[in-house]
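Numbering (UniProt numbering), first residue to last: 1 to 429.
We treat Cβ as the ideally placed atom computed from N, Cα and C, and that holds for glycine.
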(Lines of atoms letter the chains of each structure in order from A and count residues from 1; the text may use other names and numbers.)
(Lines give C-alpha, C1' and ligand atoms only; values in the text may rest on other atoms or scores of the structure.)
Protein backbone atom coordinates (compact mmCIF):
# COMPACT_ATOMS: atom_id res chain seq x y z
CA UNK A 1 0.00 0.00 0.00
CA UNK A 2 2.90 2.30 0.76
CA UNK A 3 4.24 1.73 -2.79
CA UNK A 4 0.88 2.75 -4.32
CA UNK A 5 0.72 5.93 -2.26
CA UNK A 6 4.25 6.95 -3.19
CA UNK A 7 3.58 6.36 -6.94
CA UNK A 8 0.38 8.48 -6.91
CA UNK A 9 2.15 11.36 -5.20
CA UNK A 10 4.91 11.15 -7.80
CA UNK A 11 2.39 11.44 -10.65
CA UNK A 12 0.73 14.47 -9.04
CA UNK A 13 4.06 16.20 -8.75
CA UNK A 14 4.80 15.53 -12.42
CA UNK A 15 1.43 16.94 -13.55
CA UNK A 16 1.93 19.99 -11.38
CA UNK A 17 5.34 20.66 -12.87
CA UNK A 18 3.97 20.30 -16.43
CA UNK A 19 1.13 22.71 -15.66
CA UNK A 20 3.48 25.26 -14.13
CA UNK A 21 5.85 25.09 -17.11
CA UNK A 22 2.97 25.60 -19.60
CA UNK A 23 1.60 28.75 -17.98
CA UNK A 24 4.07 31.27 -19.49
CA UNK A 25 3.46 30.18 -23.13
CA UNK A 26 -0.32 30.17 -22.59
CA UNK A 27 -0.31 33.69 -21.17
CA UNK A 28 1.79 34.88 -24.10
CA UNK A 29 -0.69 33.39 -26.58
CA UNK A 30 -3.58 35.11 -24.78
CA UNK A 31 -1.82 38.45 -25.02
CA UNK A 32 -1.12 38.00 -28.73
CA UNK A 33 -4.73 37.06 -29.50
CA UNK A 34 -6.01 40.17 -27.77
CA UNK A 35 -3.70 42.49 -29.70
CA UNK A 36 -4.29 41.02 -33.19
CA UNK A 37 -7.07 42.36 -35.42
CA UNK A 38 -9.99 40.23 -36.46
CA UNK A 39 -9.62 38.55 -39.86
CA UNK A 40 -11.55 39.97 -42.80
CA UNK A 41 -14.78 38.02 -43.15
CA UNK A 42 -15.00 35.85 -46.20
CA UNK A 43 -17.65 37.14 -48.58
CA UNK A 44 -19.32 34.94 -51.15
CA UNK A 45 -18.91 36.53 -54.56
CA UNK A 46 -22.07 34.93 -55.87
CA UNK A 47 -24.06 36.55 -53.07
CA UNK A 48 -22.91 40.02 -54.09
CA UNK A 49 -23.67 39.38 -57.76
CA UNK A 50 -27.09 37.99 -56.87
CA UNK A 51 -27.79 41.10 -54.80
CA UNK A 52 -27.03 43.30 -57.82
CA UNK A 53 -29.31 41.23 -60.05
CA UNK A 54 -32.11 41.40 -57.49
CA UNK A 55 -31.82 45.19 -57.35
CA UNK A 56 -32.06 45.42 -61.14
CA UNK A 57 -35.09 43.13 -61.19
CA UNK A 58 -36.77 45.27 -58.53
CA UNK A 59 -36.26 48.41 -60.63
CA UNK A 60 -37.71 46.67 -63.67
CA UNK A 61 -40.63 45.33 -61.64
CA UNK A 62 -41.57 48.86 -60.54
CA UNK A 63 -40.93 50.36 -63.96
CA UNK A 64 -43.17 48.09 -66.06
CA UNK A 65 -46.56 49.10 -64.51
CA UNK A 66 -45.71 52.79 -64.83
CA UNK A 67 -44.63 52.26 -68.43
CA UNK A 68 -47.92 50.55 -69.29
CA UNK A 69 -49.88 53.32 -67.60
CA UNK A 70 -48.07 56.00 -69.60
CA UNK A 71 -48.65 54.03 -72.80
CA UNK A 72 -52.39 54.31 -72.20
CA UNK A 73 -52.08 58.07 -71.79
CA UNK A 74 -49.55 58.88 -74.51
CA UNK A 75 -46.82 56.82 -76.13
CA UNK A 76 -44.84 59.93 -77.01
CA UNK A 77 -44.96 61.06 -73.38
CA UNK A 78 -43.60 57.72 -72.21
CA UNK A 79 -40.79 57.76 -74.77
CA UNK A 80 -39.84 61.32 -73.90
CA UNK A 81 -39.67 60.86 -70.13
CA UNK A 82 -38.47 57.26 -70.01
CA UNK A 83 -35.10 58.09 -68.44
CA UNK A 84 -36.65 60.48 -65.92
CA UNK A 85 -39.09 57.78 -64.82
CA UNK A 86 -36.24 55.35 -64.18
CA UNK A 87 -34.36 58.11 -62.32
CA UNK A 88 -37.29 58.67 -59.95
CA UNK A 89 -37.58 54.93 -59.24
CA UNK A 90 -33.86 54.56 -58.53
CA UNK A 91 -33.82 57.61 -56.25
CA UNK A 92 -36.79 56.28 -54.28
CA UNK A 93 -35.16 52.87 -53.85
CA UNK A 94 -31.85 54.47 -52.86
CA UNK A 95 -33.54 56.61 -50.23
CA UNK A 96 -35.58 53.83 -48.61
CA UNK A 97 -32.92 51.12 -48.82
CA UNK A 98 -29.31 52.32 -48.86
CA UNK A 99 -29.85 55.63 -47.11
CA UNK A 100 -32.20 54.39 -44.39
CA UNK A 101 -31.02 50.79 -43.94
CA UNK A 102 -27.39 50.83 -45.05
CA UNK A 103 -27.94 48.15 -47.70
CA UNK A 104 -30.03 47.63 -50.79
CA UNK A 105 -33.00 45.28 -50.78
CA UNK A 106 -31.06 42.70 -52.77
CA UNK A 107 -28.12 42.88 -50.34
CA UNK A 108 -30.44 42.46 -47.35
CA UNK A 109 -31.94 39.36 -48.92
CA UNK A 110 -28.42 37.96 -49.24
CA UNK A 111 -27.54 38.91 -45.64
CA UNK A 112 -25.09 41.69 -46.62
CA UNK A 113 -24.60 45.32 -45.70
CA UNK A 114 -22.24 48.13 -46.69
CA UNK A 115 -19.16 48.93 -44.63
CA UNK A 116 -16.57 51.70 -44.93
CA UNK A 117 -12.97 51.54 -43.64
CA UNK A 118 -13.09 54.77 -41.60
CA UNK A 119 -16.33 55.19 -39.72
CA UNK A 120 -16.70 58.72 -38.32
CA UNK A 121 -17.40 59.03 -34.62
CA UNK A 122 -19.74 62.02 -35.02
CA UNK A 123 -23.34 60.70 -35.21
CA UNK A 124 -24.53 63.82 -37.06
CA UNK A 125 -22.45 62.95 -40.14
CA UNK A 126 -24.05 59.54 -40.49
CA UNK A 127 -27.07 58.39 -42.41
CA UNK A 128 -30.00 56.66 -40.68
CA UNK A 129 -28.37 53.41 -41.75
CA UNK A 130 -25.26 54.24 -39.68
CA UNK A 131 -22.88 55.03 -42.56
CA UNK A 132 -21.06 58.28 -43.48
CA UNK A 133 -23.44 60.80 -45.00
CA UNK A 134 -20.87 62.39 -47.32
CA UNK A 135 -19.74 59.02 -48.65
CA UNK A 136 -23.28 57.96 -49.44
CA UNK A 137 -24.08 61.24 -51.19
CA UNK A 138 -21.07 60.78 -53.48
CA UNK A 139 -22.05 57.14 -53.99
CA UNK A 140 -25.57 58.16 -55.03
CA UNK A 141 -24.22 60.72 -57.48
CA UNK A 142 -21.86 58.18 -59.07
CA UNK A 143 -24.41 55.35 -59.31
CA UNK A 144 -27.59 57.27 -60.20
CA UNK A 145 -26.96 60.83 -61.38
CA UNK A 146 -23.94 60.18 -63.62
CA UNK A 147 -25.57 57.28 -65.57
CA UNK A 148 -28.72 59.38 -66.07
CA UNK A 149 -26.75 62.35 -67.42
CA UNK A 150 -24.75 60.08 -69.71
CA UNK A 151 -27.85 58.38 -71.14
CA UNK A 152 -29.64 61.69 -71.62
CA UNK A 153 -26.61 63.24 -73.35
CA UNK A 154 -26.20 60.21 -75.60
CA UNK A 155 -29.88 60.21 -76.57
CA UNK A 156 -29.69 63.93 -77.38
CA UNK A 157 -26.53 63.44 -79.45
CA UNK A 158 -28.09 60.63 -81.47
CA UNK A 159 -31.30 62.60 -82.06
CA UNK A 160 -29.26 65.58 -83.31
CA UNK A 161 -27.01 63.37 -85.51
CA UNK A 162 -23.74 64.30 -83.82
CA UNK A 163 -21.88 61.27 -85.30
CA UNK A 164 -22.74 62.45 -88.85
CA UNK A 165 -21.41 65.98 -88.48
CA UNK A 166 -18.07 67.03 -90.06
CA UNK A 167 -14.84 66.13 -88.29
CA UNK A 168 -14.04 69.75 -87.47
CA UNK A 169 -17.42 70.34 -85.85
CA UNK A 170 -17.54 70.75 -82.08
CA UNK A 171 -20.41 68.27 -81.81
CA UNK A 172 -18.37 65.60 -83.59
CA UNK A 173 -15.45 66.14 -81.20
CA UNK A 174 -17.81 65.96 -78.23
CA UNK A 175 -19.18 62.67 -79.58
CA UNK A 176 -15.66 61.28 -79.90
CA UNK A 177 -14.90 62.29 -76.33
CA UNK A 178 -18.11 60.63 -75.17
CA UNK A 179 -17.28 57.36 -76.94
CA UNK A 180 -13.73 57.37 -75.55
CA UNK A 181 -15.01 57.87 -72.02
CA UNK A 182 -17.44 55.02 -72.57
CA UNK A 183 -14.65 52.74 -73.78
CA UNK A 184 -12.44 53.71 -70.85
CA UNK A 185 -15.23 52.98 -68.39
CA UNK A 186 -15.78 49.57 -69.98
CA UNK A 187 -12.09 48.67 -69.66
CA UNK A 188 -11.93 49.81 -66.04
CA UNK A 189 -15.11 47.89 -65.23
CA UNK A 190 -13.58 44.75 -66.71
CA UNK A 191 -10.40 45.14 -64.65
CA UNK A 192 -12.42 45.81 -61.51
CA UNK A 193 -14.52 42.70 -62.13
CA UNK A 194 -11.39 40.57 -62.49
CA UNK A 195 -10.06 41.99 -59.21
CA UNK A 196 -13.44 41.33 -57.60
CA UNK A 197 -13.27 37.69 -58.65
CA UNK A 198 -9.80 37.42 -57.08
CA UNK A 199 -10.44 38.95 -53.65
CA UNK A 200 -14.25 39.25 -53.43
CA UNK A 201 -14.24 42.96 -52.55
CA UNK A 202 -15.50 46.13 -54.29
CA UNK A 203 -18.16 44.90 -56.65
CA UNK A 204 -18.26 48.10 -58.76
CA UNK A 205 -15.97 51.00 -59.62
CA UNK A 206 -17.89 53.39 -57.38
CA UNK A 207 -17.52 50.98 -54.43
CA UNK A 208 -13.77 50.72 -55.02
CA UNK A 209 -13.38 54.49 -55.39
CA UNK A 210 -15.17 55.16 -52.08
CA UNK A 211 -13.85 52.09 -50.25
CA UNK A 212 -17.34 50.68 -49.67
CA UNK A 213 -17.55 46.91 -49.43
CA UNK A 214 -20.31 44.44 -48.66
CA UNK A 215 -19.87 42.46 -45.44
CA UNK A 216 -22.13 39.91 -43.71
CA UNK A 217 -24.70 41.24 -41.28
CA UNK A 218 -23.63 38.63 -38.69
CA UNK A 219 -20.25 37.08 -37.93
CA UNK A 220 -21.62 33.54 -38.14
CA UNK A 221 -23.33 33.86 -41.47
CA UNK A 222 -24.06 30.62 -43.23
CA UNK A 223 -24.83 30.26 -46.87
CA UNK A 224 -28.27 28.77 -47.35
CA UNK A 225 -28.67 26.99 -50.64
CA UNK A 226 -32.24 26.35 -51.79
CA UNK A 227 -32.79 24.01 -54.70
CA UNK A 228 -36.52 24.70 -54.93
CA UNK A 229 -36.19 27.34 -57.63
CA UNK A 230 -33.67 25.24 -59.54
CA UNK A 231 -35.94 22.21 -59.46
CA UNK A 232 -38.90 24.27 -60.61
CA UNK A 233 -36.89 25.72 -63.51
CA UNK A 234 -35.73 22.27 -64.57
CA UNK A 235 -39.30 20.96 -64.54
CA UNK A 236 -40.55 23.89 -66.61
CA UNK A 237 -37.71 23.56 -69.12
CA UNK A 238 -38.42 19.85 -69.54
CA UNK A 239 -42.14 20.55 -69.93
CA UNK A 240 -41.59 23.25 -72.57
CA UNK A 241 -39.21 21.03 -74.53
CA UNK A 242 -41.81 18.26 -74.45
CA UNK A 243 -44.47 20.66 -75.75
CA UNK A 244 -42.17 21.89 -78.53
CA UNK A 245 -41.72 18.27 -79.59
CA UNK A 246 -45.40 17.29 -79.26
CA UNK A 247 -47.30 20.28 -80.68
CA UNK A 248 -46.04 19.94 -84.30
CA UNK A 249 -47.33 16.35 -84.30
CA UNK A 250 -50.90 17.39 -83.40
CA UNK A 251 -53.27 18.29 -86.23
CA UNK A 252 -55.08 21.28 -84.78
CA UNK A 253 -57.62 21.54 -87.61
CA UNK A 254 -58.69 17.94 -87.27
CA UNK A 255 -58.91 18.27 -83.50
CA UNK A 256 -60.97 21.44 -83.81
CA UNK A 257 -63.39 19.80 -86.23
CA UNK A 258 -63.82 16.78 -83.99
CA UNK A 259 -64.53 18.97 -80.97
CA UNK A 260 -67.02 21.05 -82.95
CA UNK A 261 -68.74 17.94 -84.25
CA UNK A 262 -68.93 16.47 -80.76
CA UNK A 263 -70.43 19.65 -79.34
CA UNK A 264 -73.00 19.80 -82.13
CA UNK A 265 -73.95 16.16 -81.52
CA UNK A 266 -74.41 16.83 -77.82
CA UNK A 267 -76.45 20.01 -78.23
CA UNK A 268 -78.68 19.09 -81.19
CA UNK A 269 -80.58 16.22 -79.44
CA UNK A 270 -81.31 18.45 -76.46
CA UNK A 271 -82.75 21.16 -78.70
CA UNK A 272 -84.90 18.81 -80.77
CA UNK A 273 -86.05 16.60 -77.89
CA UNK A 274 -89.16 18.67 -77.16
CA UNK A 275 -90.26 19.10 -80.77
CA UNK A 276 -89.68 15.49 -81.81
CA UNK A 277 -92.40 14.16 -79.52
CA UNK A 278 -95.22 16.41 -80.72
CA UNK A 279 -94.37 17.00 -84.39
CA UNK A 280 -94.11 14.22 -86.96
CA UNK A 281 -90.60 13.25 -88.01
CA UNK A 282 -89.62 14.95 -91.25
CA UNK A 283 -86.49 13.98 -93.07
CA UNK A 284 -84.86 16.92 -94.83
CA UNK A 285 -82.21 16.44 -97.40
CA UNK A 286 -78.88 18.08 -96.82
CA UNK A 287 -78.38 21.54 -98.21
CA UNK A 288 -74.98 23.01 -98.86
CA UNK A 289 -73.95 26.57 -98.27
CA UNK A 290 -73.84 27.35 -101.99
CA UNK A 291 -76.63 25.08 -103.20
CA UNK A 292 -78.44 27.87 -105.06
CA UNK A 293 -75.32 29.10 -106.84
CA UNK A 294 -75.45 28.74 -110.61
CA UNK A 295 -74.06 25.47 -111.95
CA UNK A 296 -71.64 27.24 -114.29
CA UNK A 297 -69.88 28.87 -111.31
CA UNK A 298 -67.42 27.37 -108.83
CA UNK A 299 -68.68 27.28 -105.25
CA UNK A 300 -65.14 27.03 -103.83
CA UNK A 301 -64.12 30.22 -105.66
CA UNK A 302 -67.18 31.94 -104.22
CA UNK A 303 -66.31 30.78 -100.72
CA UNK A 304 -62.69 31.92 -101.08
CA UNK A 305 -63.88 35.31 -102.29
CA UNK A 306 -66.15 35.66 -99.28
CA UNK A 307 -63.22 34.82 -96.97
CA UNK A 308 -60.91 37.35 -98.60
CA UNK A 309 -63.29 40.27 -98.23
CA UNK A 310 -62.07 43.29 -96.30
CA UNK A 311 -63.35 46.72 -95.48
CA UNK A 312 -61.18 48.35 -98.14
CA UNK A 313 -63.26 46.88 -100.96
CA UNK A 314 -66.82 47.69 -100.04
CA UNK A 315 -68.19 47.33 -103.56
CA UNK A 316 -66.77 43.82 -103.93
CA UNK A 317 -68.11 42.86 -100.56
CA UNK A 318 -71.61 43.99 -101.47
CA UNK A 319 -71.54 42.28 -104.85
CA UNK A 320 -70.34 38.95 -103.48
CA UNK A 321 -72.76 39.12 -100.59
CA UNK A 322 -75.65 39.80 -102.94
CA UNK A 323 -74.54 36.96 -105.20
CA UNK A 324 -74.65 34.47 -102.33
CA UNK A 325 -77.66 35.81 -100.45
CA UNK A 326 -79.99 36.41 -103.41
CA UNK A 327 -78.93 33.03 -104.87
CA UNK A 328 -79.61 33.41 -108.59
CA UNK A 329 -80.84 30.23 -110.16
CA UNK A 330 -79.20 30.57 -113.56
CA UNK A 331 -76.86 32.83 -115.42
CA UNK A 332 -78.02 34.52 -118.59
CA UNK A 333 -76.21 33.81 -121.82
CA UNK A 334 -75.00 37.39 -122.22
CA UNK A 335 -73.80 37.61 -118.61
CA UNK A 336 -70.24 36.60 -117.70
CA UNK A 337 -70.16 34.29 -114.63
CA UNK A 338 -68.58 35.89 -111.62
CA UNK A 339 -66.84 32.68 -110.55
CA UNK A 340 -66.32 30.67 -113.76
CA UNK A 341 -65.18 27.06 -113.65
CA UNK A 342 -61.65 26.56 -114.99
CA UNK A 343 -60.67 23.00 -115.97
CA UNK A 344 -63.94 21.48 -114.70
CA UNK A 345 -63.86 18.36 -112.56
CA UNK A 346 -67.00 16.53 -111.46
CA UNK A 347 -67.13 15.09 -107.95
CA UNK A 348 -68.60 11.80 -106.79
CA UNK A 349 -71.76 13.64 -105.74
CA UNK A 350 -72.26 15.07 -109.25
CA UNK A 351 -71.21 18.71 -108.85
CA UNK A 352 -68.58 20.58 -110.86
CA UNK A 353 -65.65 22.56 -109.46
CA UNK A 354 -62.38 23.99 -110.71
CA UNK A 355 -59.53 21.51 -110.77
CA UNK A 356 -57.24 23.52 -108.51
CA UNK A 357 -60.10 24.24 -106.07
CA UNK A 358 -61.28 20.66 -105.65
CA UNK A 359 -57.70 19.32 -105.61
CA UNK A 360 -56.68 21.77 -102.89
CA UNK A 361 -59.70 20.94 -100.72
CA UNK A 362 -59.32 17.18 -101.08
CA UNK A 363 -55.57 17.30 -100.39
CA UNK A 364 -56.19 19.37 -97.28
CA UNK A 365 -58.79 16.87 -96.10
CA UNK A 366 -56.35 14.01 -96.69
CA UNK A 367 -53.64 15.80 -94.74
CA UNK A 368 -56.02 16.36 -91.85
CA UNK A 369 -56.80 12.64 -91.78
CA UNK A 370 -60.58 12.94 -92.06
CA UNK A 371 -62.12 9.61 -93.04
CA UNK A 372 -65.44 11.19 -93.96
CA UNK A 373 -63.88 13.15 -96.83
CA UNK A 374 -64.46 16.70 -97.93
CA UNK A 375 -67.98 18.07 -97.60
CA UNK A 376 -69.48 19.38 -100.83
CA UNK A 377 -70.50 23.04 -100.70
CA UNK A 378 -73.63 22.43 -102.78
CA UNK A 379 -75.19 19.23 -101.37
CA UNK A 380 -73.20 18.80 -98.12
CA UNK A 381 -72.39 15.21 -99.11
CA UNK A 382 -69.01 13.59 -98.60
CA UNK A 383 -66.76 13.82 -101.65
CA UNK A 384 -64.60 10.75 -102.14
CA UNK A 385 -63.24 11.33 -105.65
CA UNK A 386 -63.30 13.71 -108.62
CA UNK A 387 -62.87 13.07 -112.37
CA UNK A 388 -62.26 15.26 -115.38
CA UNK A 389 -65.44 16.48 -117.07
CA UNK A 390 -65.06 16.00 -120.82
CA UNK A 391 -67.43 16.48 -123.77
CA UNK A 392 -70.38 17.63 -121.70
CA UNK A 393 -72.03 20.96 -121.06
CA UNK A 394 -72.82 22.26 -117.65
CA UNK A 395 -76.47 21.56 -116.87
CA UNK A 396 -78.22 24.19 -114.74
CA UNK A 397 -79.47 23.14 -111.36
CA UNK A 398 -83.17 23.71 -112.20
CA UNK A 399 -84.44 22.13 -115.44
CA UNK A 400 -88.05 23.37 -115.15
CA UNK A 401 -87.17 26.83 -116.37
CA UNK A 402 -85.26 25.50 -119.37
CA UNK A 403 -88.16 23.18 -120.29
CA UNK A 404 -90.41 26.20 -120.65
CA UNK A 405 -88.00 27.80 -123.08
CA UNK A 406 -87.64 24.55 -125.05
CA UNK A 407 -91.42 24.18 -125.37
CA UNK A 408 -91.84 27.70 -126.68
CA UNK A 409 -89.08 27.22 -129.25
CA UNK A 410 -90.75 24.03 -130.56
CA UNK A 411 -94.05 25.86 -131.03
CA UNK A 412 -92.35 28.60 -132.99
CA UNK A 413 -90.67 26.11 -135.33
CA UNK A 414 -93.92 24.23 -135.94
CA UNK A 415 -95.76 27.43 -136.85
CA UNK A 416 -93.04 28.46 -139.22
CA UNK A 417 -93.07 25.08 -141.01
CA UNK A 418 -96.87 25.17 -141.43
CA UNK A 419 -96.89 28.62 -142.98
CA UNK A 420 -94.09 27.65 -145.33
CA UNK A 421 -96.02 24.54 -146.70
CA UNK A 422 -99.24 26.52 -147.31
CA UNK A 423 -97.29 29.16 -149.16
CA UNK A 424 -95.70 26.55 -151.49
CA UNK A 425 -99.17 24.94 -152.17
CA UNK A 426 -100.63 28.25 -153.26
CA UNK A 427 -97.79 28.78 -155.71
CA UNK A 428 -98.34 25.36 -157.37
CA UNK A 429 -102.01 26.02 -157.94
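Straight through space, the alpha carbons of residue 363 and residue 298 are spaced by roughly 18 angstroms.
Taken through DSSP and simplified to helix, strand or coil, residue 347 comes out as strand. Of the residues 354, 366, 300, 337, the one whose Cα lies closest to the Cα of residue 378 is 300. With contacts defined by Cβ atoms closer than 8 angstroms, residue 112 and residue 51 form a contacting pair. In the assembly as shown, residue 203 is a buried residue. Its beta-carbon has 16 or more other beta-carbons within 10 Å. In the three-state reduction of the DSSP assignment, residue 203 falls in the coil class. A distance below 8 angstroms between beta-carbons, with the five flanking residues on each side excluded, links residue 58 to the following residues of its chain, in chain order: 93, 105, 106. The C-alpha of residue 307 lies about 27 angstroms from the C-alpha of residue 387. CA-CA distance, residue 201 to residue 248, rounds to 50 angstroms.
DSSP places residue 216 inside the beta strand (DSSP E), whose first and last residues are 213-216. About 13 angstroms separates the Cβ atoms of residue 171 and residue 179, ruling out a contact at the 8 angstroms cut-off.
Judged by pairs of C-beta atoms under 8 angstroms, the segment 63-78 does not touch the segment 131-140, as fewer than three such pairs exist.
Here residue 212 is buried, its C-beta having at least 16 other C-beta atoms within 10 Å. Judged by beta-carbon spacing, residue 175 lies within the 8 angstroms limit of residue 157, meaning their Cβ atoms are closer than that value. For residue 68, the secondary structure class from DSSP, reduced to helix, strand or coil, is helix. Residue 83 sits away from residue 126, with the two beta carbons spaced by 8 angstroms or more. A direct Cα-Cα distance of roughly 14 angstroms separates residue 358 from residue 381.
C-alpha of residue 208 to C-alpha of residue 109: approximately 22 angstroms in a straight line. With at least 16 other beta carbons inside 10 angstroms of its own, residue 341 counts as buried.
Under the three-state reduction of DSSP, residue 340 is assigned to strand. The distance from the Cβ of residue 352 to that of residue 295 is about 7 angstroms, consistent with a contact at the 8 angstroms cut-off.
For residue 141, there is no enclosing alpha helix (DSSP H), as DSSP marks it with neither H nor E. DSSP places residue 302 inside the alpha helix (DSSP H), whose first and last residues are 299-307.
If you compare the alpha carbons of 292, 65, 254 with that of residue 373, the shortest gap goes to 254. The Cβ atoms of residue 189 and residue 210 lie no closer than 8 angstroms to each other. Your pair residue 98 and residue 136 checks out as a contact, with CB atoms roughly 7 angstroms apart and the cut at 8 angstroms.
Scanning the segment 95-119 for uninterrupted beta strand (DSSP E) segments of 3 residues or longer gives 112-115, listed from N- to C-terminal end. Residue 80 holds the alpha-carbon nearest to the alpha-carbon of residue 159 among 237, 80, 177. The beta carbon of residue 368 lies closer than 6 angstroms to those of 251, 253, 254 in the same chain, with the five residues before and after it left out. Per DSSP, residue 386 is one residue of the beta strand (DSSP E) stretching across 386-388. Separation of the CB atoms of residue 29 and residue 91 is rounded to 52 angstroms, and the pair is thereby denied contact status at 8 angstroms. Between residue 60 and residue 214, the C-beta spacing is not below 8 angstroms. Residue 350 counts as exposed, since fewer than 16 other beta carbons sit within 10 angstroms of its beta carbon.
Shown here, residue 248 sits in a helix according to DSSP, grouped into three states. Counting along the chain, no beta strand (DSSP E) covers residue 227, and no H or E run does either.
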